[in-house]
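A.B. asks:
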Amino acid sequence: MAERTFQVYRGSDDEGRLESYTVETDQGMVVLDAIHRIQAEHAPDLAVRWNCKAGKCGSCSCEVNGRPRLTCMTRLSDYGEDEPITVTPMKAFPVIKDLVTDVSQAYRNNASIPRFKPRPRDADDGWRMQQYEIDRAQEMRKCIECFLCQDVCHVLRSHGKHEEFIGPTYLVRTAGYSLNPIDVEDRSEFLRDAGGLGYCNITKCCTEVCPEHITITDNAIIPLKERVVDRFYDPLKALVRLVRRR
Amino acid sequence: MESSVAVRDRGFGKTIRSDRWWLPPLSVAVGLGLFGGYATWAVLQGGNYFADPYLSPLYSPCIAASCPEQIRLFGIEWWPFSPAILMMGVILGFRGTCYYYRKAYYRAYFLDPPACAVGEFRGDRYVGETRLPWVLQNLHRYFLYASIVIWLFLTYDTIHGFFFEDGFGVGVGSIVLLINLVLLSGYWFGCHSLRHLIGGDVDCYSCTLGGKARHKAWKGVSWFNRRHMSWAWFSLVFVCATDLYIRLVAMGVFEDPRLF
Chain A
23 MAERTFQVYR GSDDEGRLES YTVETDQGMV VLDAIHRIQA EHAPDLAVRW NCKAGKCGSC
83 SCEVNGRPRL TCMTRLSDYG EDEPITVTPM KAFPVIKDLV TDVSQAYRNN ASIPRFKPRP
143 RDADDGWRMQ QYEIDRAQEM RKCIECFLCQ DVCHVLRSHG KHEEFIGPTY LVRTAGYSLN
203 PIDVEDRSEF LRDAGGLGYC NITKCCTEVC PEHITITDNA IIPLKERVVD RFYDPLKALV
263 RLVRRR
Chain B
35 MESSVAVRDR GFGKTIRSDR WWLPPLSVAV GLGLFGGYAT WAVLQGGNYF ADPYLSPLYS
95 PCIAASCPEQ IRLFGIEWWP FSPAILMMGV ILGFRGTCYY YRKAYYRAYF LDPPACAVGE
155 FRGDRYVGET RLPWVLQNLH RYFLYASIVI WLFLTYDTIH GFFFEDGFGV GVGSIVLLIN
215 LVLLSGYWFG CHSLRHLIGG DVDCYSCTLG GKARHKAWKG VSWFNRRHMS WAWFSLVFVC
275 ATDLYIRLVA MGVFEDPRLF
C-alpha cells in the first residue's frame, strides 16, 4: 500500500478546477480504481462514466496526464511513484459534470453516414464471401466507440469542426461499410461534402490512441481519401468511367 | 486542495502533457530541414554529380545538354540551369504529397498540431485539405506515376554503376548506388496511393477479374506500407549520402575503392 495524489477535474464546461485527492493505492490498480476510491472516501458526488472495467465498453474514456486513455486500462504503475496523476474529461466534448462528457454530437454524425447497402443475394439466398476479403472490414468492427480518437483529433479538439467533420470514429465506421465485399453504396460524395474528409490532415494521432489498435489512418482514412480521389480528383479514372459507360 | 490550472483552455501549446512532446516535431523539423536543405544545395550546384560510372541519384535522369556524354539523355539545349532542377519537380511532388511526409511537416512546420493533444493556432479558421493549395495533395498518385519513370532510370543508373571502362566490376560506389535503389524502392513500393491502385480499391476480390492476384499484390504493398515512415527516412538520408559520396569522388577528395 502506498499513498498517491491525484488531481481530478471537478466542475462543468463553463467552470471547473483541478482538485487534489490523496488515497491509498494497491499493486495492480488502474486509474479507474483510484477514481472509485476517491468517490468512496472523499467525493461521493464525483461523476465518472464507466461500465465493463475490461477495455471493451469504451465508457471510461478520459485524459490521464493530458493523454486520451481508457482509465480502466491505464495502470498506476505506468507512472513514476512520485509523478502526479491528473485526470481530466475529454477535451473535444462539452463537459456535463466532472469527468462525464456529452458525446451526443458524435452520434448525430454517425446517423449521417449512408447506411450499409448489400448487393442482391446470391443464388442460395445468402451472400458468399471469402475470409481474406472480409479481413479489412473486420478490423474496423473492433471499434468500441470510446471516442478517444475523436478526442485527440485536432480538427475536433482544437478547431471545433464537429458539424463539418464526422471524425475518426465514424470514418472507421464508414470504412467498415465501404470495405465490406457485399456493400455496393458509393459514399465518396458524402465523405467529400457532409463527412468533411478533407479536414483530416492525416497526423495520425487517432491511430496512436486507439485502445483496440485499429490502424485508423492507414487502413481506414487514407483508403477512403483515395476513393474520394478516384471519384473527384483523378481525370484518368473519370475518363475510364466515361468509356465504360459508353 | 484546489488548483487553478485551466485544463479546458485552448490555444497554442496548451496541454497538461508533462512529457517532452516537443521533441519529435523538433527532431523532424531539424531532420527534414537538414536533408531537404542539403538536397536543394546539391541540386543547385550543377557540377560534380558524375564520377564515371556513378551518377548522383539527384541528377537522374540527366536530360540536359550540359550532362556528361556517358549518361546524357535527350540533351535538352535550351535549359541553362542545373540539369537536376528538371526532375526535382517530380521528386519534390512525390515526397511533398506523400501521406507520411504530410504528417511530418504538418506537425513539424505548420504545428497543426505540434503533437497529439497539444493546442494550436487558428481556431475555427482551419480548412485542412479542403481548399487550395492543400487540396492539391490529392494529386499524389500522378507524382507516383511520374516517379515510376524516374525509378526506371535510377535502376538503369545503378546497373551502369557496375560497368567501368574495363568492363564489369564492383566499387564501393556501386554498392552505395545499389543500397540507394533498394531503399528508394522500399519507399516507392509502400506508397499509400500504390496500395490503393494495386488492389485497395477492390471491395469484392472474389467477384473481380484477377481479384486474387490483386489481393496478393495489395498484401505485398501493405507489407512495405506498414514501414513507410522508416523507408521514407532511410531513403531520404541515403539519397543525400549517395550524392555526397559521388560528389566527393568527383571532386577528387578521395578515390572510389574498387572491390573487384
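Each protein sequence line maps, in turn, to chains A and B.
So in our numbering, the last spot in the first sequence is 268, and the numbers never skip.
So in our numbering, the last spot in the second sequence is 294, and the numbers never skip.
Positions of the beta carbon are idealized from the N, C-alpha and C atoms, including for glycine.
(1) Please report whether the beta-carbon of Arg89/A lies at a distance below 7 Å from any beta-carbon of chain B.
(2) Determine, for Glu185/A, whether the minimum Cβ-Cβ distance to residues of chain D falls below 7 Å.
(3) What are the start and end residues of the alpha helix (DSSP H) that includes Tyr139/B?
(4) Run down chain B in chain order and give the residues with a C-beta less than 7 Å from the C-beta of Asp205/A.
(5) Given a limit of 7 Å on CB to CB distance, which residues of the segment 214-243 of chain B reach chain A?
(6) Taking only the alpha-carbon atoms, compute the straight-line gap between Phe46/B and Val152/B and give it to the nearest angstrom.
(7) Look up His49/A in the DSSP assignment and say whether it is helix, strand or coil.
(8) Near Glu85/A, which residues of its chain fall below 6 Å by C-beta distance, leaving aside the five closest residues on each side in sequence?
(9) Helix, strand or coil, according to DSSP, for Gly67/B in the structure here?
(10) Going by C-alpha to C-alpha distance, which of Ser52/B, Leu92/B, Ala63/B, Gly130/B sits closest to Ala76/B?
(11) Pick out whichever of Ser83/A, Gly50/A, Lys113/A has its Cα sitting closest to the Cα of Tyr101/A.
(12) Mind checking if Cys274/B is an interface residue toward chain A, Cβ cutoff 7 Å exclusive?
(13) Are any of the Cβ atoms in chain B nearer than 7 Å to that of Cys84/A?
(14) Note the first and the last residue of the continuous alpha helix (DSSP H) segment covering Glu155/A.
(15) Near Ser37/B, which residues of its chain fall below 7 Å by C-beta distance, leaving aside the five closest residues on each side in sequence?
(16) Any C-beta of chain A within less than 7 Å: which residues of the segment 47-81 of chain B qualify?
(17) In chain A, which residues lie with their C-beta within 7 Å of the C-beta of Thr192/B?
(18) Give me the residue from Arg91/A, Val262/A, Leu246/A, Cys171/A with the minimum Cα distance to Arg51/B.
(19) Note down the Cα distance separating Gly130/B from Met122/B, rounded to an integer number of angstroms.
(20) Using the three-state DSSP reduction, which class does Glu36/B fall into: helix, strand or coil?
(21) Give a yes or no on whether 7 Å exceeds the smallest Cβ distance from Gln160/A to chain B.
(22) Along the chain, where does the alpha helix (DSSP H) that runs through Thr192/B open and close?
(23) Between Pro147/B and the rest of its own chain, which residues show a CB-CB distance below 6 Å, the 5 nearest in sequence each way excluded?
(24) As an exercise, report each continuous beta strand (DSSP E) stretch of at least 3 residues that is fully enclosed by the segment 90-144 of chain A, in chain order.
(25) At 7 Å on the CB atoms, spell out the chain A contacts of Ala247/B, in chain order.
C.D. replies: Reading it off the structure:
(1) By this cut-off, Arg89/A is an interface position.
(2) In summary, chain D is missing from the structure at hand, where the protein chains are A and B.
(3) Its alpha helix (DSSP H) spans residues 133-142.
(4) Those within 7 Å of Asp205/A in chain B are Asp237.
(5) Flagged, chain order: His226, Ser227, His230, Gly234, Asp235, Asp237, Cys238, Tyr239, Ser240.
(6) Taking the straight line joining both Cα atoms gives about 8 Å.
(7) It is worth fixing the name first, because residue 49/A is Gln in this sequence and not His. Here Gln49/A sits in coil by DSSP.
(8) Answer for Glu85/A: Thr110, listed in chain order.
(9) In this structure, Gly67/B counts as helix in the three-state DSSP scheme.
(10) Of the residues Ser52/B, Leu92/B, Ala63/B, Gly130/B, the one whose Cα lies closest to the Cα of Ala76/B is Leu92/B.
(11) Nearest option by C-alpha distance: Gly50/A.
(12) Interface residue (Cβ-Cβ distance to chain A less than 7 Å): Cys274/B is not classified as such.
(13) No, Cys84/A does not count as interfacial toward chain B.
(14) Segment 153-162, the alpha helix (DSSP H) holding Glu155/A.
(15) Confidence at Ser37/B is low in this model, with a pLDDT of 45, below 50, so the placement of that residue should be treated as unreliable; the coordinate-derived value is given next. Within the same chain, Ser37/B has no close Cβ partners at all.
(16) Cβ contacts with chain A: Thr49, Ile50, Arg51, Ser52.
(17) Simply none; closest approach about 29 Å.
(18) When only C-alpha atoms are compared, the closest one is Arg91/A.
(19) About 11 Å.
(20) Bear in mind that a pLDDT of 46 at Glu36/B, under 50, signals an unreliable position, so the model cannot answer this.
(21) Answer no: the Cβ-Cβ gap between Gln160/A and chain B never drops below 7 Å.
(22) Its alpha helix (DSSP H) spans residues 174-194.
(23) Cβ neighbours of Pro147/B beyond the five flanking positions: Glu154.
(24) Runs of the beta strand (DSSP E) inside the segment 90-144 of chain A: 107-110, 117-119.
(25) Simply none; closest approach about 13 Å.
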